Structures are given as structure tokens and as C-alpha cells.
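Residue numbers (our numbering): 19 to 272.
Below, the structure written as C-alpha cells:
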């Protein structure tokens with residue numbers, strides 16, 4: 019596929035102008051970062067796996083009525099998406115205490131919360147994506163009251179669905195990050211789920227052993243990072259049991 023010049027490059031993806039009006043192409047890289055890009059590395063085949071997992075999850079969410087920016091997967095590393103104006107907020111759902119919440123509040127990692135907690139972070143790498151309240155969001159105009167209510171409602175629906183989905187394949191959905199965008203049609207904007215859903219932006223633990231199956235294996239130097247991502251893909255059914263990620267990765271670069 020002939021590609022136009024990139025319009026944005028992030029830590030894990032590159033965005034290109036789409037082949038159709040009002041679209042972008044989202045390309046998934048193998049690059050891995052942690053701690054606001056202070057730690058960098060490469061996870062072989064990660065881009066291929068995250069593309070496939072994101073396609074699976076976005077498709078299933080659309081089937082239950084969650085609007086998303088995803089249109090279709092183009093190849094092993096690229097997908098076509100609706101162009102949208104990203105709301106500058108990262109929405110984090112926590113079902114089990116882990117990561118920064120455990121450290122920030124002095125809680126023991128692994129404690130199940132009595133109900134899901136929704137947190138907001140301002141999207142700004144230079145500031146370290148600081149935790150903010152709904153009052154910050156509304157006062158600074160990052161989202162309207164109606165938009166914020168819609169974002170929280172969609173987020174909790176996504177959490178309910180994905181907790182059940184993951185439970186069915188023997189995985190605990192500990193926490194995850196979502197991003198939302200506005201798709202404009204004239205003066206009207208529809209809120210849609212954007213970005214991705216993959217082991218890069220969520221915590222997934224084996225339901226029996228609590229073995230980590232996500233980017234924490236890279237953050238904490240636990241090893242077995244590629245194998246963990248592959249196992250998530252296999253349990254979701256997007257990577258055949260007999261498939262070798264090395265061969266998929268070669269196909270993706272042809």
C-alpha cells in the first residue's frame with residue numbers, strides 16, 4: 019500500500035492520512051516504552067498482536083452498541099479508522115488495586131475493589147499525564163458536562179463487557195486505559211472510543227496464578243514479554259495455536 023506522510027508518531031503507533039475521506043491509518047509499532055518513555059525497548063511482534071487484539075475488541079464493542087473509531091484492519095500492522103478529535107483525557111478503570119494506585123495510596127497490589135473506580139489523567143507527556151478531577155475537565159473545557167457523563171457511561175459499559183469476556187478465557191481484567199474522540203459531521207460531534215485496546219494499555223492477570231500477561235512484564239523486567247502478549251492473543255482466538263509470531267512478523271514486513 020502506498021502511504022502518505024505520517025501526521026503523528028507516538029510511542030507505540032504512527033498515524034497516516036487515510037485512503038478514504040475522513041479517515042486515518044493507524045500503524046502499530048514494536049517499540050515499547052514505560053515510565054513516560056524513560057525506559058525504552060522493543061517487543062518482537064507486538065505491533066502485529068496489538069493490531070489483531072484491538073480489531074477483535076473494537077469489533078465486539080461495536081456489536082454491543084459502543085461507537086468506535088475502528089473501521090477495518092488493512093493488514094498485519096495497519097487499520098483504517100475514522101479521523102477524530104481526541105479528547106485530551108485518559109480514562110482509567112480500576113477493578114483491582116495495582117500499579118500507580120497501589121503506590122499512591124499505600125495499598126496492597128491485588129486487592130479487589132468493591133466497585134470499579136474511574137480516574138482521569140490529562141494527556142500531556144511533558145507533565146507526566148497528571149491525575150485530574152472531573153472539576154478540572156469541566157472548568158478547563160476539555161469536555162462538556164454531557165460529554166463527560168457519556169464518557170463515564172461508555173467506560174463502565176466497556177468495563178462490564180470486557181470483564182466478562184476476559185473471565186471467560188481465564189484472565190482477570192485488573193485495570194485499563196481508554197481514550198475518546200469526537201467525529202465531526204458539520205456542527206455535530208459524536209463521541210467514539212478511539213486509540214487501542216491491547217496488553218500495552220491494560221493489566222491482565224491469569225485468573226488462577228495471577229501471572230502478569232501485559233506490559234508490566236516489560237516495565238518490571240519479568241521476562242517472557244512476547245510470550246505473554248501471544249498468550250492473550252491465543253486465548254482471545256485471534257492467534258491460532260500453531261501460529262508462530264516470527265512468521266507473522268515476517269509477513270507483516272513484506
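Yeah, the Cβ is synthetic: ideal placement off N, Cα and C, and Gly gets one too.
Since the model is a prediction, treat every value here as computed from it, not as a measurement.
How many angstroms separate the CA atom of residue 163 from the CA atom of residue 71?
Roughly 32 Å between the two C-alpha positions.
Work out the CA separation of residue 192 and residue 12 for me, nearest whole Å.
Beyond the ends of the chain as shown, which are 19 and 272, falls residue 12; an answer cannot be given.
Range covered by the alpha helix (DSSP H) that runs through residue 173:
Per DSSP, residue 173 is one residue of the alpha helix (DSSP H) stretching across 163-185.
What separation, rounded to the nearest whole angstrom, lies between the Cα atoms of residue 159 and residue 198?
Note on geometry: alpha-carbon atoms of residue 159 and residue 198 lie some 15 Å from one another.
Helix, strand or coil for residue 229? Go by DSSP, reduced to three states.
Correct three-state label for residue 229: coil.
Residue burial classification, residue 216 (beta-carbon count within 10 angstroms, cutoff 16)
Counting the other CB atoms within 10 Å of its CB gives residue 216 a total of 16 or more, which places it among the buried residues.
Put residue 211 into one of helix, strand or coil per three-state DSSP.
Residue 211: strand per DSSP, three-state reduction.
Can you grab the Cα-Cα spacing for the pair residue 74 / residue 155, in whole Å?
Approximately 31 Å, taken between the alpha carbons.
Could you check if residue 58 is buried or exposed, using at least 16 other CB atoms within 10 Å of its CB as the buried criterion?
Counting every other CB atom within 10 Å of its CB across the protein chains shown gives residue 58 a total below 16, marking it as exposed.
In the DSSP output, which residue or residues are listed as bridge partners for residue 99?
Bridge partners of residue 99: 42, 88.
Rounded straight-line distance, which links the Cα of residue 177 to that of residue 165:
Our two residues, residue 165 and residue 177, have alpha carbons roughly 18 Å apart in a direct line.
Are at least three pairs of beta-carbons, each pair with one atom in the region 199-214 and one in the region 124-138, less than 8 Å apart?
At 8 Å Cβ cutoff, the stretches do not touch.
If you check the beta carbons only, do residue 64 and residue 247 fall under 9 Å apart?
At a Cβ-Cβ threshold of 9 Å, residue 64 and residue 247 count as neighbours.
Beta-carbon contacts of residue 106 that lie in its chain and below 6 Å, excluding the five residues immediately before and after
Sequence-distant partners of residue 106 (beyond 5 residues in either direction) whose C-beta falls short of 6 Å from its own C-beta, in its chain, are 141, 160.
Kindly indicate which three-state DSSP category residue 272 falls into: helix, strand or coil?
Residue confidence is low: residue 272 scores 47 on pLDDT, short of 50, so the model does not pin down where it sits. No coordinate-derived value is stated.
Determine the direct distance from the alpha carbon of residue 99 to that of residue 189, and round the result to whole angstroms.
Between the C-alpha atoms of residue 189 and residue 99 there is a straight-line separation of about 28 Å.
Nonlocal neighbours in the same chain, by C-beta distance under 8 Å from residue 27, ignoring five residues either side:
In its chain, beyond the 5 residues on either side, 33 have a beta carbon closer than 8 Å to the beta carbon of residue 27.
Could you please give the first and the last residue of the uninterrupted beta strand (DSSP E) stretch that includes residue 126?
DSSP places residue 126 outside any beta strand (DSSP E), giving it a letter other than H or E.
Is the number of C-beta pairs between the region 45-52 and the region 224-240 that are closer than 8 Å three or more?
Segments in contact, yes.
Quick check on the burial criterion: 16 or more other C-beta atoms within 10 angstroms. Buried or exposed for residue 108?
Answer is buried; the Cβ neighbour count reaches 16.
Taking the C-alpha atoms as reference points, what is the distance between residue 272 and residue 92?
Here the model assigns residue 272 a pLDDT of 47, short of 50, so the residue's position is not dependable, and the following value carries that caveat. Cα-Cα distance, rounded: 14 Å.
Find the nearest neighbour of residue 281 within the set 46, 54, 23, 196, judged by alpha-carbon distance.
No answer is possible for residue 281: the residues shown for the chain start at 19 and end at 272.
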